Amino acid sequence: MKKHRSLAAFIVICSLFVLPVSAAEEAPRIVFADAPAAAAEAVQTITRKLLIPYGVGPGAGGSDLDAVAEGYFAVESIAITAAAPVSGASAAIRTRLKEAGTYVSLDDFLAEAAEDSQLDYGKYTVTATAGGHRMEFPKGVWYCKIDGRVLPMSESCFEEDGCLFVPIRVLAPVFSYDIEWDAETRAVTLTDNGQPFLTGDQFYNQSDCTLLAKLIRAEAGNQSLTGKIAVGNVVLNRVRSKMFPNSIKSVIYDRSSGIQFTTAYNGAIDKSPTEECIVAAKLCLEGYSVTESSLFFFNPRYPSRWIKNNRTYVMTIGDHVFYK
């Protein structure tokens, strides 16, 4: 029990009851921060004044103000705390929480993020346009194509309730949103950062991207997507290493210690890259890596004795063995 003095009176809080906060719903909530300020809970206070009747007690014959001055005034407060919907939260966006993160209905999200959204559910790919962006979500793969870029995802998208669920971390930057996740309230807050999403033409150096895709075809055209990405990773790892030149073109055509990539000089690199080789190159340029430390690789049918004797084995992917 606490006592507070006001107008020389003692206001006694007779009782304070706090109701338990209700359990948060399993499905995450999407909150647009440019809406009214978000609040995880709301507190409502009910106040009942208990006045000493006129003419009773030391203040007899006086007014209610006299009763207050003499301390014959009490307030009973009952604070009720309950989980309330986050202000600005969109109830229209269906969500799913997976180990890889929060997934949102593409239909619902685009309907709120842009006024001109259109979707087409094809047999192999879901395509969408909204807010000037073009998006492609190939079914069963862990990447998507947006405005000429290829963006990696932790897991593939999935269909449920008649719509496609896409990671919010992929969609948010496209519409210039930063993301903040509150595990306690299961709320994903989206805040406009004012930064336009860069298209493929803006994000990639086109000549580097094409050259990298050509090398990937020449070196790993018959390998899986993972094997293609690994070869691209080796090139970019070399660009970052002090042991090699610092550009994609210089690394590919490097011959300071002998020809590094035979395909760069036997004409194989001149062939046009396949679509999957372009996808692999763009994923590498987006920072996706399956072998962050590898600087060398070879086909076991044509082993490099120097690499085997002087470098550390990392992994084998398809027909290639990788070393650092």
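Just so it is clear: in the sequence shown, position 188 is 199 by this note's numbering, and no numbers are missing. Don't be surprised by glycine CBs; every beta carbon is placed ideally from N, CA and C. Here the structure is a predicted model, which is why all the values come from computation and not from measurement.
Here residue 225 has 280 and 284 as same chain residues with Cβ atoms under 6 Å from its own Cβ, once five neighbours each way along the sequence are excluded. By the Cβ criterion, the region 179-190 is in contact with the region 201-219, since at least three pairs of Cβ atoms, one from each stretch, lie closer than 8 Å. Taking residue 135 as reference, the option from 237, 198, 163 and 169 with the minimal CA-CA separation is 169. For residue 309 against residue 325, the beta-carbon gap comes to about 12 Å, at or over 8 Å, which does not count as contact. In the structure shown, residue 271 falls within a coil segment according to DSSP collapsed to helix, strand and coil. Rounded to whole angstroms, the separation of the alpha carbons of residue 103 and residue 151 is 26 Å.
Along the length of the region 110-183, whole alpha helix (DSSP H) runs at least 4 residues long occupy 117-124, reported in chain order.
Taking C-alpha positions only, residue 140 is separated from residue 120 by approximately 12 Å. For residue 219, the enclosing alpha helix (DSSP H) has its first and last residue at 217-231.
Shown here for residue 207: same chain residues with a beta carbon closer than 7 Å to its own, the five before and five after excluded, namely 187 in chain order. With contacts defined by Cβ atoms closer than 8 Å, residue 244 and residue 301 form a contacting pair. With fewer than 16 other CB atoms across the displayed protein chains lying within 10 angstroms of its CB, residue 270 is exposed.
Nearest neighbour of residue 132 by Cα position, chosen from 268, 109 and 174, turns out to be 174. Linking residue 314 to residue 321 through their CA atoms gives a straight-line distance of about 13 Å. DSSP places residue 289 within a helical segment (H, G or I) once states are collapsed to three. A distance of 8 Å or more separates the beta carbons of residue 143 and residue 211. Sorting 292, 334, 319 and 105 by C-alpha distance to the C-alpha of residue 220 places 292 at the top.
Residue 108 carries a strand assignment under DSSP once its states are collapsed to helix, strand and coil. One thing to note: residue 289 has its Cβ no nearer than 8 Å to the Cβ of residue 307.
Sorting 264, 304, 298 and 236 by C-alpha distance to the C-alpha of residue 286 places 236 at the top. Bounds of the beta strand (DSSP E) holding residue 41 are 40-43.
Only buried fits residue 223, as 16 or more other CB atoms lie within 10 angstroms of its CB.
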